[in-house]
Each structure stands twice: as structure tokens, then as C-alpha cells.
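Asker: Could you have a look at this structure, given as C-alpha cells, before my questions?
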Amino acid sequence: MPKIEVNTERCKGCERCNDACPQQIIGMSDQLNNKGYKYAVVFDRPRCIGCRICAIICPDVAIEVYVEGTQYELFQY
Amino acid sequence: MKKIFASTEALVDRPTHYCPGCTHGVIHRIVAESIEELGLRERTVGIAPVGCAVLAYEYFNCDMFEASHGRAPAVATGAKRSRPDLILFTYQGDGDLASIGMGEIIHAANRGEKITVIFVNNAVYGMTGGQMAPTTMPGQYTTTSPYGRDVKDVGYPVRMAEIVATLTTPGFVARVSLHNPKETIRAKEIIKRAFAYQAAGTCFTFVECLSTCPTNWGLSPREAEKWLEEKMVPYYPLGVKKRPEDFQEEQHGAS
Amino acid sequence: MAKVLMKGNEAIGEAAIRAGCVHFFGYPITPQSEVPEYLSKRLPEVGGKYVQAESEVAASNMIYGSAGVGIRVLTTSSSPGISLMAEGLSYIAACSLPVVVVNIMRAGPGLGGILPAQGDYLQAVKGTGHGDFQLVVLAPASVQEAVNLVILAFELAEKYLTPVMVIGDGMIGQMMEPVEFPIEGVGPPLDPGDWALNGARGRDKRIINSLHLDPEYCNKINMDLKAKYDRIKKNEQRWELYNCEKPYDLLVCAFGMMSRICKTAIDELAQAGYRVGLFRPISVWPFPYATCKQAMQKAKRVLVLEMNMGQMVEDIQLAGQGTREIDFFGTAGGKVFSPDESKEKMLYSLKQAGAGKSRAGVSQPSSKSEGKPKKKKAAKTAGPAKKRKAR
Ligand SMILES: Cc1ncc(C[n+]2csc(CCOP(=O)(O)OP(=O)(O)O)c2C)c(N)n1
Ligand code: SF4
Ligand code: SF4
Ligand code: SF4
């Protein structure tokens, strides 16, 4: 099952990933990180398809993507 | 678990100073990924002239120059002509490249310098506080066009990719945008291709990247993406403008 | 090695090649255009690279890029072009990169004229560009010396990692003289040491920059530069004293070609029994203040002749610290003092100093200065330019 990991201290809370995720499973935290930003959180992890889109559009390299088993390459990047 | 997306070795592992949602960060990562994937990092020298990206020398994990306003293509020329084995890229803003550095970019392109120019067009001078740039959209409010850009007074925005593409010297010239995932993926493909041409010693390469400046546009990152798509993309058409493959030797000679 | 007859500008180009510099970035401007012309032909022959920049602004940034990747590099220009290079030179100095720049000075200000002048002295030694930086500046007085100083310029640039400028007036660039090159063939390439951006292979990345937003650190960079300039001041002063072994009444100070004209005048005056010495700074920065002062102390009076409206005279005043009266005569616009005119000025100053001939019965050098102008006033107005006194 794919998953993403958000580096909460790198995240600047721009919400780009929220909009970009085709599964619409990313939202923002209630807490603030040390820089004072809300950070991205996945609220429905099992639905992640590991498409990498959130990571690709993140301006702050705050997202890493992992898969277990088979990875479907939906597009070349 | 297998990691299928992480930062690249060509980027230093440190937070950037860019504003939230500013697509400078995405362009940095794409440039770094391209360098890394093509195996060029250890012979790449980047050049960051003044602008919001002047501190890019802190972020790219390769040898880096900082340069004066607009002159990066000249610095790159000096470096590349002296050490043709190096891979040279410049990372320039629109005030930098399309205003003060107009002479340097046109002549580097026309000499066919084997360098890669990453031109970040965000329609304003970002670093100095959102003043009007040559690329500012008609009617756009900036700190020095408080009534909106008046094209009767200051002319229309310059389309750099098209201008550079008119030169006879072979080159690879394209315009990409970072406002959505699809265009971002396309941008990666184009930028990587530009570096590949340089690595093969093919030609001058130029990629104009439409980029957001939420801070100086006075918009949220989400609104900024929408503004870019609706206002900038129609005026600045995306796509490849010139390819080295299309070059045909012209038969004009003086001797 | 045999002497060859060469035009100054071409000799300068060849000297660079002998010093191992095979990369040139520049822009045509009279009276230095023969340097790029010569190098555009020669550099491909020796496996080097000639690039005609789109402007001097670009040229100064190209040499920044070239030096930054660890390559020995030259640019040349003339006065208006040097003004445009101010930007690049400030960055180069700030980043401690070795480059050599030659300025074959022409008449100014503005577009001025294409004839020789020395009007860029202050620009070269005191105010080339923005910020606290300094060029090492060498001023040759012959084509042979231009060759030697271009070679020395590369040595100093690399020893101290700093930009070095050679200033010659248009005459040096344009005249032909026999020259001998002290180096055969093409010198070895520059050792890029631990600073050049030659690719982060098996080492940490390097950065060449002059942006230092932290005031503490920016201050430190300035202090480091100052320490370097102090070392240069201590070690690299060069000058020539002519006719100074014997006692003299008047010390003439001149640099570059003007000094050569002065020598002719001094010789002729010596024939006539006048005792005149010459002090010529070769490194106009670092200026040899101490030597200059010593030489001034031995004279009754000092005369400064320049092909400008009074620039080096400021350094002579600094050196003399008010201990000697200083006369200044300048000419500009490409009008050069002839030996006779120079002699006239020297006789004026000798008269002011109350110094006569040391021997009797020698013929007077020129009819004009032979007359006895009534004290200071008459002679003052005879001077074509202004006259300065030490504070
Ligand atoms: C010679 C000179 N003039 C002006 C400046 C001030 N300056 C610094 S950045 C900048 C604007 C940069 O804007 P742009 O190139 O659009 O880059 P952005 O900040 O938008 O990324 C200006 C005018 C300077 N550093 N040097
Ligand atoms: S795109 Fe990146 S920086 Fe923006 S909210 Fe998502 S994780 Fe945070
Ligand atoms: S990898 Fe794809 S599906 Fe998973 S969170 Fe990111 S954008 Fe959404
Ligand atoms: S000012 Fe604009 S261009 Fe500069 S970092 Fe902020 S958003 Fe980006």
C-alpha cells in the first residue's frame, strides 16, 4: 500500500498538495509547526495511490512517497 | 517499503527562503532532478544572479556562482568557453533577464553558447518588492504601476521565448508553466531535455518557466495558480518554440 | 631571445600568451582594438579562446566567469569601456579572483577623443567601481615595459587573487618599438587551487559570491580584503628614479609616457647645467609614497606633469605632506606635452625654486623660458593648465 510522509517542519502550509491530490486525501493540521505554519496531513491514508503528484508540486520538497509491492507508473516523471 | 519519491542529491537538504506556495521551489527541484538524473552534478556550475533566487547558491548542491543583475549569461559564457567540459546553467528572473540583462541573453543565445538558461517569469520584480517588470501583464497592479500596467505608456509585456526563438542560430527554446501537476510534469520533461542537449554539446537551451509570486500578486497560492492560468498562459503560450532538429543551414555568406 | 618590432597593443596581446593566458573576452574600442584583433588570430593557434563580447559590461562578467572556473584570463579596453567594466571588476575583486585588465587610455570625459591621455588615473587607483575594493595598477612607459608589466600583472593577480590593471596611454598601444619577450612559447596554465568552480567531483560544492547579508560577515570580508591590500602595499611597490643619484634642485614626477618625455627634457636641461631628477611610479597602486617623499625631500621644489587635469598630483601631495611646494601642469584631449614644452615647465619651477644653472657657459635650452618672467605672476599665466600648491 502506498503512502506519503510529510516533513512537517519543511512544510510551509501552501496547500498546493491539498488541491493537487487526485484522491483528495490531504488536508491541513490544526497545530502549527515551529515556523508557525499549518502543515499537510493525510486524513485518509488507505486511499493513497502513490501517484507522487503531491510531491511533484510541493515547492518545499516536504513530501516523500513510498510504495509496498507493485507500483503503478501512471505517468513518467 | 520502497521510496519512490524523495529529494535529490543535487539539492542541499535545507529549507528555502521562498514564500509559501512560490513555485521557485518547484523549479529548483526540477532543475536539480534533471542534473542528477543525467549524471551531471559533479561537473555542473550554476549561476544565480540577483532576484529572489540569488540565494540559489545555497540550495543547489553543485558549484555555484552568484552574479550581478542580468549578467548571468555573460558569466556562463566566460565559464563555458573556458571549460567546455562543464555544464553551465543560469537561473534568472524576469526583471533580470528581460530588462537589465536583455543584451546578455540575446547575445549568448545568438552566439549559441552551450548553456542552459532557466528563465523564471513571474510577471514582477519579486525581491525588491513587486515592482513592474517587462513581463507584467497589461492592467496588472504592481508597486510601480499603481494604476495598472498602461500599455500605451510602457508597451506590452515581452515574450522572451518567442524573441529568443527568432534567432537563426540553432537552439532549444520552450515555455513551460508550474501552475498545475500536468504542466509541472511537462516542465520536468522539457528542462531535462534542455540539459541533455547541453550535455551532448548540441546547442543553446532556454526554458521560460511561468511561475507564481503569491506574495507580490497579493493572492493566496491557490488564487495565484488560477491567475497564472487565466491571465498569463493565454498571453504566454506554452510549448516548444524552437528545436535544434529543425535547423536548416542558411546559405548567406560574405566571403 | 631576439628582439622583434611590434606595435604596443599587439605586444600586449603576445605578452599575455607568453604568460600562459589563452582566454580573452573583449570589445573593440580605439585605441586598443589591435589587442582583440591580434588575439582573435593568435589564440586559436595556441589552443585558446577568443570571444568578442556584446559590450564591456558583458566582457567584465565573462572574465568573472572564466576566472571563476580557474582559467587565466585577460580583457582590454579603453576609457569609456573601462567605465562599463566597473560592475564586473567590483564583483571580481569582492570574490578574490585573478584577472588582468589593460586600459589603453584615451581622451575624455564622455566620448572624448581617440588620442592618448592619462585621465583615468583616479578611476584606476581610487574609484574603479562601487564598494571598498582596490585594483593593483601598473603604468608602463614603453612597449617593452608594457610586455613586462602584463606578465607581472598575471603573477600579482594570481599571487594575491585580485584583479590587476595595466594602464597605458594611447601612445603605448599605438607605437612600434623593438621588444623582447622574457618567456618562450606559451606559459603553463593557472593552478586553480582550492577555489575554482571546476565541478564538485569528490569534494564539497564551492560557491563564488559577493552577497553577504550578515553585517558581521560582510565586515569580515572587507577586513580580509584590506589585509590583502596592506600586504600588497608592503611588498609590491615599484618605481623608477632617474637622474637622482646626483644632487638635484627640482624633482619632476610623471608616470607612463609622460615620464619618458620628461626624461628627454631632463637630459637636455642637464646638458644646460640644470639639476633635475625624475620620480616615476611604476605601480601607481600601491603608490610608492615613502620613496616619493624621500625623493621630494632632496629637492627644493616639485613639479608634476600629467596628461590630465591633475590626478596623480593628489598622490604626490599626499606623499609630500606639505613639505614641498608642488607645481602642476596638465594637458588633455590628446594634446601631449612635447619635450620642449616640458622643459619650459621645468625651467619655470626651477626659477620658482630659485635654482639656477650649476655650470656657466652652457647654452640655454629654449628661447621662451630664457626670458625672465617677472616673478611668479607672469610665469603663472604662462602655464597652460592650472597650478597646484601643496597644502
Ligand atoms: C545593478 C542592479 N540594479 C538593481 C538591483 C536591485 N534588484 C535586486 S533584485 C531585483 C529584481 C529582480 O527581479 P526578477 O529578476 O524579476 O526576479 P524575482 O525576484 O522576481 O525572482 C532588482 C531590481 C541590483 N541588485 N543591481
Ligand atoms: S505542498 Fe508541500 S509545503 Fe505546501 S502544504 Fe503541501 S506539503 Fe506543505
Ligand atoms: S501520492 Fe497521490 S494519492 Fe497519494 S497523497 Fe500524494 S497525490 Fe494523493
Ligand atoms: S517574493 Fe514572490 S518570487 Fe519571491 S519568493 Fe516570494 S513569492 Fe516567490
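Protein chains in written order, with the numbering used here: chain W, 1 to 77; chain V, 1 to 255; chain Z, 1 to 391.
Beta carbons are placed, not taken as given, at the ideal position from N, Cα and C, and that holds for glycine.
Just so you know, these numbers come straight off a predicted model, no measurement behind them.
Which whole runs of the beta strand (DSSP E) in the region 155-241 of chain Z are 3 residues long or more, in chain order?
Answerer: With a minimum length of 3 residues, the continuous beta strand (DSSP E) runs that stay inside the region 155-241 of chain Z are 164-169 and 176-179.
Asker: Between W/F43 and W/Q71, what straight-line distance do the alpha-carbon atoms span, to the nearest angstrom?
Answerer: Between W/F43 and W/Q71, the C-alpha separation is close to 22 Å.
Asker: For V/E66, verify whether its CB is less than 8 Å away from any heavy atom of ligand 1.
Answerer: No, ligand 1 has no heavy atom inside 8 Å of this Cβ.
Asker: Is it the case that the CB of V/V124 approaches a heavy atom of ligand 4 more closely than 8 Å?
Answerer: Indeed, a heavy atom of ligand 4 lies less than 8 Å from the Cβ.
Asker: Which residues in chain Z have a C-beta closer than 9 Å to the C-beta of V/T77? List them in chain order.
Answerer: Chain Z residues near V/T77: F25, V51, A53, A58, N61, M62, G65 and S66.
Asker: Thinking C-alpha only, which one of Z/A53, Z/E14 and Z/I63 is nearest Z/E45?
Answerer: If we check each option's Cα against that of Z/E45, Z/E14 comes out closest.
Asker: Measure the alpha-carbon distance for V/I4 versus W/A55 and round it to whole angstroms.
Answerer: Taking the straight line joining both Cα atoms gives about 10 Å.
Asker: Does any residue of chain W have a CB that is nearer than 9 Å to the CB of V/N259?
Answerer: Examination of residue 259 of chain V is not possible in this model, given that chain V is present from 1 through 255 alone.
Asker: Is V/T44 helix, strand or coil when you go by DSSP?
Answerer: Here V/T44 sits in strand by DSSP.
Asker: What residues in the region 204-221 of chain Z have a beta carbon less than 7 Å from any beta carbon of chain V?
Answerer: Listed in sequence order: K205, R206, I207, I208, N209, S210 and L211.
Asker: What are the boundary residues of the alpha helix (DSSP H) that includes Z/C262?
Answerer: G256 to Q271 is the extent of the alpha helix (DSSP H) around Z/C262.
Asker: Nearer than 8 Å: is that true of the beta carbon of W/E9 relative to any heavy atom of ligand 2?
Answerer: Flag unset: Cβ of W/E9 not near ligand 2.
Asker: Should Z/V100 be flagged as near chain V, meaning a C-beta pair shorter than 9 Å?
Answerer: False, the Cβ-Cβ gap to chain V never drops below 9 Å.
Asker: Pick helix, strand or coil for Z/I17, following the three-state DSSP scheme.
Answerer: Z/I17: helix per DSSP, three-state reduction.
Asker: Alpha carbon to alpha carbon, how far is Z/A299 from Z/C244?
Answerer: One C-alpha to the other measures close to 10 Å.
Asker: Does the beta-carbon of W/M1 have 16 or more other beta-carbons within 10 angstroms, so that it is buried, or is it exposed?
Answerer: Result: exposed.
Asker: CA-CA distance, Z/P281 and Z/A272?
Answerer: If you take the alpha carbons of Z/P281 and Z/A272, they lie about 26 Å apart.
Asker: Measuring alpha carbon to alpha carbon, tell me which of V/R81, V/I30 and V/G21 ends up nearest Z/R72.
Answerer: The shortest C-alpha separation from Z/R72 is found at V/R81.
Asker: To the nearest angstrom, report how far apart Z/E314 and Z/Q352 are at their CA atoms.
Answerer: If I take the Cα positions, the gap works out to 20 Å.
Asker: At a threshold of 8 Å, does W/N18 count as lining ligand 2 (C-beta to nearest heavy atom)?
Answerer: Yes, ligand 2 has a heavy atom inside 8 Å of this Cβ.
Asker: Take Z/A265 and list the residues in its own chain whose beta-carbon comes closer than 7 Å to its own, dropping the five residues that flank it on each side.
Answerer: Excluding sequence neighbours, Z/A265 sits near P339, S342, K343 and M346.
Asker: Whose CA, out of Z/P215, Z/I221, Z/K226 and Z/D327, lies closest to the CA of Z/A254?
Answerer: If we check each option's Cα against that of Z/A254, Z/D327 comes out closest.
Asker: Closer than 6 Å by C-beta to V/T23: which residues in its own chain qualify, once you throw out the five before and the five after it? Chain order, please.
Answerer: Cβ within range, chain order: L178, S211 and T212.
Asker: Tell me whether W/Y77 counts as near ligand 2, meaning its Cβ is closer than 8 Å to at least one heavy atom of that ligand.
Answerer: No, ligand 2 has no heavy atom inside 8 Å of this Cβ.
Asker: Does at least one heavy atom of ligand 4 sit under 8 Å from the Cβ of V/Y18?
Answerer: Yes.
Asker: So, do the region 48-58 of chain V and the region 78-93 of chain V have three or more beta carbon pairs nearer to each other than 8 Å?
Answerer: Verdict: yes, contact present.
Asker: So, helix, strand or coil for V/S68, using DSSP?
Answerer: In the structure shown, V/S68 sits in coil (DSSP, three-state: anything other than H, G, I, E or B).
Asker: What are the residues of the region 18-48 of chain V that lie near chain Z, defined by any Cβ-Cβ distance shorter than 8 Å?
Answerer: Going along the region 18-48 of chain V in chain order, one finds R41, E42, R43, T44, V45 and I47 with a Cβ nearer than 8 Å to chain Z.
Asker: Given that a residue counts as buried once 16 or more other Cβ atoms are within 10 Å of its Cβ, and exposed if not, what is W/P46?
Answerer: Classification of W/P46: exposed, given that the 10 Å Cβ count is below 16.
Asker: If you draw a straight line from the alpha carbon of V/S99 to that of V/R193, how long is it in whole angstroms?
Answerer: When rounded, the distance between both Cα atoms is 27 Å.
Asker: Just checking V/M232 against ligand 4 - is the residue's beta carbon closer than 8 Å to any of the ligand's heavy atoms?
Answerer: The answer is no for V/M232.
Asker: Let me check understanding here. Comparing Cα to Cα, which of V/L167, V/M1 and V/G129 lies closest to V/I106?
Answerer: When each option's Cα is compared against that of V/I106, the closest is V/L167.
Asker: Relative to the alpha-carbon of Z/K357, which residue among Z/A139, Z/Y248 and Z/V302 has its alpha-carbon at the smallest distance?
Answerer: For the residues Z/A139, Z/Y248 and Z/V302, the minimum Cα distance to Z/K357 belongs to Z/Y248.
Asker: Less than 9 Å between the C-beta atoms of V/P84 and V/P170, yes or no?
Answerer: Contact flag unset, no.
Asker: For chain V, find out if any of its Cβ atoms is closer than 9 Å to the Cβ of W/Q76; answer yes or no.
Answerer: It does: the Cβ of W/Q76 has a partner Cβ on chain V nearer than 9 Å.
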